Every structure is written in structure tokens, then in C-alpha cells.
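Chemist: Numbering (full-length UniProt numbering), first residue to last: 1 to 842.
For glycine and all other residues, C-beta sits at the position ideal for the given N, C-alpha and C.
Note that the structure is a prediction, hence the values are computed from the model and not measured.
Here you go:
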């Protein structure tokens, strides 16, 4: 039979049958599509096609009977009575049903009625669970278990009749009392519930959903356990292996593998007692995906950290009851009850605190993969210690720190973090460059970075990531990840690996934005760290001559700072850094923006904003160097923009005085010393060469800058930033020598600069800026050779410049700096050929 063969009478018959099918479902019956198809074979095809659709529509309708939080609702239906019971008011609801206060008119008694919503009747498991609760609880009679009087059904609505408890649920009382709940009263409630569970367990019944919402406190303060909807008779289920059911927040770890026994209920009592005392659930603000891992890894704050006045014995009882390993919990509810009663009588309890060594061993058994990661971290530390360029003394200190962590750590994750931090310290930065609370002082430079150090730090990042995945709510892991990333990016920058540094910083920003809130970082701390990362990113983009992204990164740092209504000094410092960086762009941008009045005005406004942030600030020793550098940069930028020579000179002297004063207080501060080098070397040769006096002053400043730079170059020969600075100083000194007619000295300085620049190119052969700078040096050398009449040497220099430009990859050749350099080299090449043609003609 095809659809076109079905007449109206046939469809009418199918419609009647479908109505009967749905009515039986609504009444609690369980008809099947095949039952109707076999009973009406001539209509089997339309029945198989129509009935599933009708049932789907019915399910959509009853879905409205569930609230967004999973609790039941009757979708607007109002019950006034169910058989002999007159319903008066709703007193509670959960996933299994809605509870009303009612009067049983035939007996004149007040009862509680739990109504099973009709959508549950579409689920065999829900109805069976409802019936199981009735039969299980009705068979038990204990003062701490809510009595069940019976069940009933009225017009297809199933209900359960219970004793009416005058009082309130424990979860509501916890909300009211908060963390001020009396400790002895909390222990008494837990003891009563444990006594009720011990009775249930003795009758072969597991509750499997012990939580505050299922505990009622009557007017006399007696706790009674209710809602046995998930209970299971152990005699009917000897394996005690069940599908996942219940409230995940209160489930024991083994429940997520489908295993349940008496100790699982003990765990629920322990978590309930924890919540009473702490005033908050042990697990909260976690996604369904995160919760099982958090339970498995026991990511619960120690009760003593949440509430200091909880007696030690009571904390010990709670810790034993919620031990993630069943073998180390109380083995029965009666054992837990007895220890609670000992506490209430001020008698010695039997539970004993777990030692750090026992926790370590148990954690390793539960987390073999993370234990291996920790071992790898320790081994990596030893390898990095041997292979890195730091001295034996630092290696010994790192090993001692790790040994102390192994011996003293209360948490094994802390132990792993200590090990990783030891590795980071060894391969990246000396202890003298560390600021308060172990954070890297941004006013320091890393010493002697090596590719090996960068490689080790890159390999450590995934280890931090694993620890963060295992412990998503721990802010210390996120903090250390960010610190390690900053150190890695600093090393990558100084090795010329700017692309890698950009990747590292972007990943860190993404990490903070996605994990910062989950890990519980305070908002202002999160904003400080994100702003700092953006400032660092802006600096790296500037090194790459990518000024558009550099400006964007600094603007993001400002946005982070201005998003906080009352920024602290740390955030003000990052704001000032961003304002100065935007108001005092790199020297190679000055010429491009000199003719832009709007840009100049905006730059002045940014420098003024930075100066306002710094002017009345008395920084701590940790921040003093960075503040001094920023203040010096503001005065230097003002000097550059001043039109009057007197103002230029005054602002320049102020900048140098600020830095020299700071160096007298911190003579080993390489960041301040390098800032002084930059200030001294900021010579505008176009302005100076027109005057013999100014040229002499420029020469003195450049030699002074070179003298200040030499200690940095000697102590940190692999720091590319220092090498680049020396190249630029030598280039300027060469120009001064040539302008004075001393071509030999000019050539000597150029050749030295080219030698240094070549070492940078060899270290980073794919670096477009390094290639361009060397090409420009060769261009200057070619001009020197031309002035000296050495045509062969001139041709060689031009050829070397051309070779550098040709070695740049195709994408990088489109960069403005590469395009500009290419034009300069091309003009030199064309000019050289034109001169050769002229000579040939002559």
C-alpha cells in the first residue's frame, strides 16, 4: 500500500488508533507500535509511519513539564485533589516529582504527597524508580527516615503518600545559616543521617542520592532522610553496578564508573557535612564535563582553609568520609555514626589524619599519567641544569628546591609545580632577577639565553597545560603558566625568534581569557596579567616592524586597564607602559609621522596620560626600575618633539639623570642601563651634521652609549637586542667619521657593524629585519668604497646587499620596511650602473 492508495476512511481509522495509543501512554500503559501494527496488518504501514510521529509530539508537549534546572513541573496544571487527598500547597520539588502538603479526608490527617509528572510516565525507568521508592521506603521504619504510607493513581497521575514533616530541607537551612552553622549541630545532623543509613544498609538498601536537598529537619531538630527514588536493594543487585544516576555533585568517584556500595552513601554524608560546615558545596561552578574530573582528582578545598573554627577531629572525620578511595573511607555508615558520636561526647575519634606521604602514594595510584608527567618534569630539570649555561651553584639551588618540595609538599600537584618552576628558574633567569612573590621583574633582562633554554621551556608548556586540565580551579597553576610563558617569550625575543614569541604570548592571552575566571583569579589580577602580555606582544611586533599589530596590542593593554573602575598600582604601571609605547614609537617611525599633526597631537596626549599616572606614584623597589625607564622615555620623547634647542637639551638631560640616579641605587640593573644606552644613542644625525659643535656632542654621546653598552654585551653576548643596539651606534659613528672626511675610520666601524649583524643573520637567517639592516650596512659600505675610488669593493658590497634582499622570503618582501630597503638598494645599484656607463662612454 502506497500513500496514494490510502483513502480518507483509512486515515480516520489510523487517527482513532493513534488517539487510543497516546491515551494509553498518558495513563501509564506501555503499548508498542508493533502491537498495533500486528493487530491491524492492513494498516501496518501507516501505523509504523504515524505512531512514532504522534509519540514524538506528545513528548515535546510533556517536555514543558521540566524546569531549566531539571526539577519537575506540571506545565501549568493545578491539582486540587487526588482521590481521597485534598492538596493545599506545594512544599518542594525535585527531578522525580513535586511534593504537596495535603489532607487525607477519610482519616483527617495531614500528609505529604509526591506527584509524579506525566512526562515521567513516558519513561519506564522513571516509573519503576517511583514504585521502587515506595516499596523500599515503606518497608523501613526508622526515626531518621521519612515514613511512607502508600502509593496511588488518579486519572493517570501517580503519587506517593508520606508523613508530613514540619520543618525545612537542609539545603534551605544551609543557605540561611551559611558558614556560621554550629559545628556540633552539624555533626549531630550527620550522625542522625548516618544512623538512618546504617539501618537502611542493614536491610540491604542503598540510598545512592544522599544530599542536603534530601534531608528534612523537623521542628525538634531531628534530621530525616527522604527521596529513596534511586535506592537499590543489594539483594536484587548483588554486583551493585548501575547506570549513572543521582546528583553528580554529591556522587562518590566510583559512581562515575557505575559502582555503588555502602561507602558511596558514606561519601554523600561526608560531602553533606562539608557543605553544612563550609556553607557552600564542595564542588560548584563546574561544567558537567569538568565535574567528574574534579571529583576523581578530589579538587576540594581543605575544610580548614574554608572555615578555621572547625575542630580538628571534625575536619578529620569529614576528610575520612570523603576520601576519594573507598578503601580509605569509613567502611560503613555505622562506623561514621560512631565516630561522630565520639566527637559529640568529646571522646577520642578512631579516624586519623592522612600523612603527606600516604596522600602522595595514593595520588600517584589514582593519577599514574600525571605522576609520570611530574617525573618527566623532574628529569627535565636535571637535564636542563646540566645542559644550560647557568653555573653549578644555581643547579644545586634548583635541586634543593625540588628536594624540599618533594619532602614538604602537602599536595602532589604542588610538588609538580615546584618541579616545573625549578626547571624554569634554571634555564631562564637568575634568582637575582626575581621580584616579589617569585614573579619575574620586567625591569630585568634574561642573561645568556640559549636555544636549548627555549626548547626546554617550550616542552614545559604542555606539562603546565596538563596540570591545569587536571586542576582547572587552581589559580597558582595559571599564574605559573603565564610566568613561564613570559620568560619563554623573552628568551625567544633575545634569540631573534620573534614569530615564536608572538605565538607564545598569544597563547598565554587566550589561556588567561578562557581559564582565568574558572581558576578563580581576581578580576584585577587577570586584567593586570592580560595587559602585561599585550604590552609584551606590542614590543615584539615592534621588533618585527609590524607597527599595525604593535599599536593594536598596546591599545588592548589600555582597554584592559580602563575596564577596571579602580585600577591598582600594578594596572596603572601597565597602562603607563602602553601609553608611553604608543606616544613614543620606535625611532624608525618618527620620520614617517613627523608630518602628521594629528598623530603628533595624539602622541602628546598619550605621553601626558602616562605622566599623570606616574607623577605622584612612589613605586616599590620591585617597580622602581620600570617606572624610571618609563619616565625617562617620556622626557626623551618630549626632547625629540621640542622645537627649541634649549628645551630639547633640558628634556634630554632630565631623561639621563633619571636613569643614572636609578643606576646608583641598582648598578646591576641591565634594563635601566640599556635604557640609558638608548637615550644616549638617540641622536638625530640629520640635525647634528649641520653644526660642528652639535656633531661633536653627538660623537661624545654615541661613544658614551657604546661604553655603557659594553658591559651588557660582555655579560650577555647572546642577547640580540644588545647586539642590534651596538650595530646602530657603530653605523651612526661611521656616518660622523665620513662626514668629517675620515673614510678609513668610517669603513672600519662599518665593517665591525657588518660582522655583528652577520652573526645575527646567521642566528636567525629567516629574519627579514636582520637581512634588511645588513643590506643597508652594505649600502653604506658601498658608498664609502665609492668615495675612496675602490670600484671592485663597491661592486662586492652592492652584490652582498642585493643577495640579502633576494634571500628574504616572498611574503616578507611585501613588508613596508623590506619594500623601502629594496628601493634604496635598487637606487644604489642603478646609480652604480649609470656611473659605469658614463665612464665607459667617456
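So the candidates are 550, 819, 571 and 112; which of them puts its Cα closest to the Cα of residue 581?
Modeler: Numbered from 1 along the chain shown, position 581 holds the residue referred to as residue 581. Looking at the Cα atoms, 550 is the closest of the given residues.
Chemist: Using only the alpha-carbon positions, how far apart do residue 43 and residue 154 sit?
Modeler: Stepping through the chain shown from its first residue, residue 43 is reached at position 43. Stepping through the chain shown from its first residue, residue 154 is reached at position 154. Distance between the alpha carbons of residue 43 and residue 154: 33 Å.
Chemist: Rounded to whole angstroms, what is the Cα-Cα separation between residue 817 and residue 805?
Modeler: Along the chain shown, read from residue 1 onward, the residue named residue 817 stands at position 817. Along the chain shown, read from residue 1 onward, the residue named residue 805 stands at position 805. Distance between the alpha carbons of residue 817 and residue 805: 11 Å.
Chemist: Could you give the DSSP three-state label for residue 349: helix, strand or coil?
Modeler: Residue mapping note: residue 349 aligns to position 349 of the chain shown, counting from 1. If DSSP states are grouped into helix, strand and coil, residue 349 belongs with coil.
Chemist: Compute the Euclidean distance between the alpha carbons of residue 696 and residue 703, then round it to the nearest angstrom.
Modeler: Numbered from 1 along the chain shown, position 696 holds the residue referred to as residue 696. Numbered from 1 along the chain shown, position 703 holds the residue referred to as residue 703. Those two C-alpha atoms are separated by around 11 Å.
Chemist: Taking its Cβ as the centre, do 16 or more other Cβ atoms sit within 10 Å of residue 719, making it buried, or is it exposed?
Modeler: In the chain shown, counting from the first residue as 1, residue 719 sits at position 719. Residue 719 is buried by the Cβ-count criterion.
Chemist: Provide the residue span of the beta strand (DSSP E) that contains residue 178, from first to last.
Modeler: Position 178 of the chain shown holds residue 178. It is not in any beta strand (DSSP E) - residue 178 carries neither H nor E in the DSSP assignment.
Chemist: Buried or exposed: where does residue 583 fall if 16 or more other Cβ atoms within 10 Å of its Cβ makes it buried?
Modeler: The residue given as residue 583 occupies position 583 in the chain shown. The residue in question, residue 583, is buried, as its Cβ has 16 or more Cβ neighbours within 10 Å.
Chemist: Can you tell which of 262, 296, 300 and 260 has the C-alpha that lies nearest to the C-alpha of residue 275?
Modeler: Position 275 of the chain shown, counting from 1, holds the residue named residue 275. Comparing Cα-Cα distances from residue 275 to each of 262, 296, 300 and 260, the minimum goes to 300.
Chemist: Among the candidates 524, 521, 565 and 575, whose CA atom is the shortest distance from the CA of residue 534?
Modeler: Mapped onto the chain shown, residue 534 falls at position 534. Nearest option by C-alpha distance: 575.
Chemist: Our contact map puts residue 254 next to residue 247 with C-beta atoms below 8 Å; I'd like the distance itself, whole angstroms only.
Modeler: Position 254 of the chain shown holds residue 254. Position 247 of the chain shown holds residue 247. So it is not a contact: roughly 15 Å between Cβ atoms.
Chemist: If we count the other Cβ atoms within 10 Å of its Cβ and call it buried at 16 or more, is residue 643 buried or exposed?
Modeler: For this step, residue 643 is matched to residue 643 along the chain shown. Classification of residue 643: exposed, given that the 10 Å Cβ count is below 16.
Chemist: Consult DSSP for residue 158 and reduce its assignment to one of helix, strand or coil.
Modeler: One-based indexing of the chain shown puts residue 158 at position 158. Strand.
Chemist: Who are the near neighbours of residue 20 in its chain, counting only those whose CB is closer than 7 Å to its CB and skipping five residues on each side?
Modeler: Residue mapping note: residue 20 aligns to position 20 of the chain shown, counting from 1. Excluding residues within five positions, none has a Cβ falling inside 7 Å.
Chemist: Am I right that residue 112 and residue 163 are in contact with their C-beta atoms under 8 Å? What's the rounded C-beta distance?
Modeler: Reading the chain shown from its first residue, position 112 is the one you call residue 112. Reading the chain shown from its first residue, position 163 is the one you call residue 163. Confirmed, Cβ separation roughly 7 Å.
Chemist: With which residues is residue 218 paired in a DSSP beta bridge?
Modeler: Against the chain shown, residue 218 aligns to sequence position 218. Beta-bridge pairing links residue 218 to 167.
Chemist: Measure the Cβ-Cβ separation of residue 773 and residue 757 and say whether it is below 9 Å.
Modeler: In the chain shown, residue 773 corresponds to position 773, counting from 1. In the chain shown, residue 757 corresponds to position 757, counting from 1. Contact: yes.
Chemist: At what residues does the alpha helix (DSSP H) containing residue 202 begin and finish?
Modeler: Position 202 of the chain shown, counted from the first residue, corresponds to residue 202. Here the alpha helix (DSSP H) through residue 202 covers 183 to 202.
Chemist: Quick one, are the C-beta atoms of residue 100 and residue 140 less than 9 Å apart?
Modeler: Sequence index remark: in the chain shown, residue 100 carries index 100 (1-based). Sequence index remark: in the chain shown, residue 140 carries index 140 (1-based). Cβ atoms of residue 100 and residue 140: not closer than 9 Å.
Chemist: Relative to the C-alpha of residue 843, which residue among 755, 250, 645 and 297 is closest?
Modeler: The structure shown does not extend to residue 843, since the chain spans only 1 to 842, so no value can be given for it.
Chemist: Can you give me the C-alpha to C-alpha distance between residue 862 and residue 285, rounded to a whole angstrom?
Modeler: A query on residue 862 cannot be resolved here, the shown segment of the chain reaching from 1 to 842 and no further.
Chemist: In terms of DSSP beta bridges, what is residue 99 paired with?
Modeler: Taking the chain shown and counting its residues from 1, one reaches residue 99 at position 99. For residue 99, which the question treats as bridged, DSSP gives the partners 92 and 114.
Chemist: Quick one: what does DSSP say residue 746 is sitting in, helix, strand or coil?
Modeler: Here residue 746 corresponds to residue number 746 of the chain shown, with the count starting at 1. If DSSP states are grouped into helix, strand and coil, residue 746 belongs with the helices.
Chemist: Residue 530 bridges to which residues according to DSSP?
Modeler: Counting from 1 along the chain shown, the entry for residue 530 is found at position 530. Bridge partners of residue 530: none, in fact.
Chemist: For residue 714, which three-state DSSP category applies?
Modeler: The count along the chain shown starts at 1 and reaches residue 714 at position 714. Note: residue 714 maps to helix in three-state DSSP.
Chemist: Exposed or buried, what is residue 762 when buried is set at 16 or more other beta-carbons lying within 10 Å of its beta-carbon?
Modeler: Here residue 762 is taken as the residue at index 762 of the chain shown, counted from 1. With fewer than 16 other Cβ atoms within 10 Å, it is exposed.
Chemist: With residue 286 as the anchor, note down where its beta strand (DSSP E) starts and where it stops.
Modeler: Here residue 286 refers to the residue found at position 286 when the chain shown is read from its first residue. Segment: none, residue 286 is in no beta strand (DSSP E) and carries neither H nor E.
Chemist: On the DSSP letters alone, give me the boundaries of the alpha helix (DSSP H) that residue 665 sits inside.
Modeler: Position 665 of the chain shown, counting from 1, holds the residue named residue 665. Looking at the DSSP string, the run of the alpha helix (DSSP H) that includes residue 665 is 645 to 665.
Chemist: Take residue 632 and list the residues in its own chain whose beta-carbon comes closer than 7 Å to its own, dropping the five residues that flank it on each side.
Modeler: Taking the first residue of the chain shown as position 1, residue 632 is located at position 632. The residues are 655, 658, 659, 675 and 679.
Chemist: Quick one: residues in its chain with C-beta nearer than 6 Å to the C-beta of residue 578, no 5 flanking neighbours on either side, listed in chain order?
Modeler: Numbered from 1 along the chain shown, position 578 holds the residue referred to as residue 578. Here the set comprises 535, 554, 557 and 558.
Chemist: Just how far apart, CA to CA, sit residue 18 and residue 104?
Modeler: Position 18 of the chain shown, counted from the first residue, corresponds to residue 18. Position 104 of the chain shown, counted from the first residue, corresponds to residue 104. Roughly 37 Å separates the two Cα atoms.
Chemist: Between which two residues does the alpha helix (DSSP H) harbouring residue 511 extend?
Modeler: As a position in the chain shown, residue 511 is number 511, starting the count at 1. Here the alpha helix (DSSP H) through residue 511 covers 498 to 515.
Chemist: Is the beta carbon of residue 170 less than 9 Å from the beta carbon of residue 145?
Modeler: What you label residue 170 is simply residue 170 of the chain shown in a count that begins at 1. What you label residue 145 is simply residue 145 of the chain shown in a count that begins at 1. No.
Chemist: To the nearest angstrom, report how far apart residue 499 and residue 753 are at their CA atoms.
Modeler: The residue you call residue 499 lines up with position 499 of the chain shown. The residue you call residue 753 lines up with position 753 of the chain shown. Answer to the nearest angstrom: the Cα atoms are 25 Å apart.
Chemist: Please look up how many angstroms separate the CB atoms of residue 116 and residue 159, rounded, as I've assumed it's under 8 Å.
Modeler: Translated into the one-based positions of the chain shown, residue 116 becomes position 116. Translated into the one-based positions of the chain shown, residue 159 becomes position 159. The Cβ separation is near 7 Å, so the contact holds.
Chemist: Short check: CB of residue 728 to CB of residue 768, under 9 Å?
Modeler: Numbered from its first residue, the chain shown carries residue 728 at position 728. Numbered from its first residue, the chain shown carries residue 768 at position 768. Not closer than 9 Å, so no.
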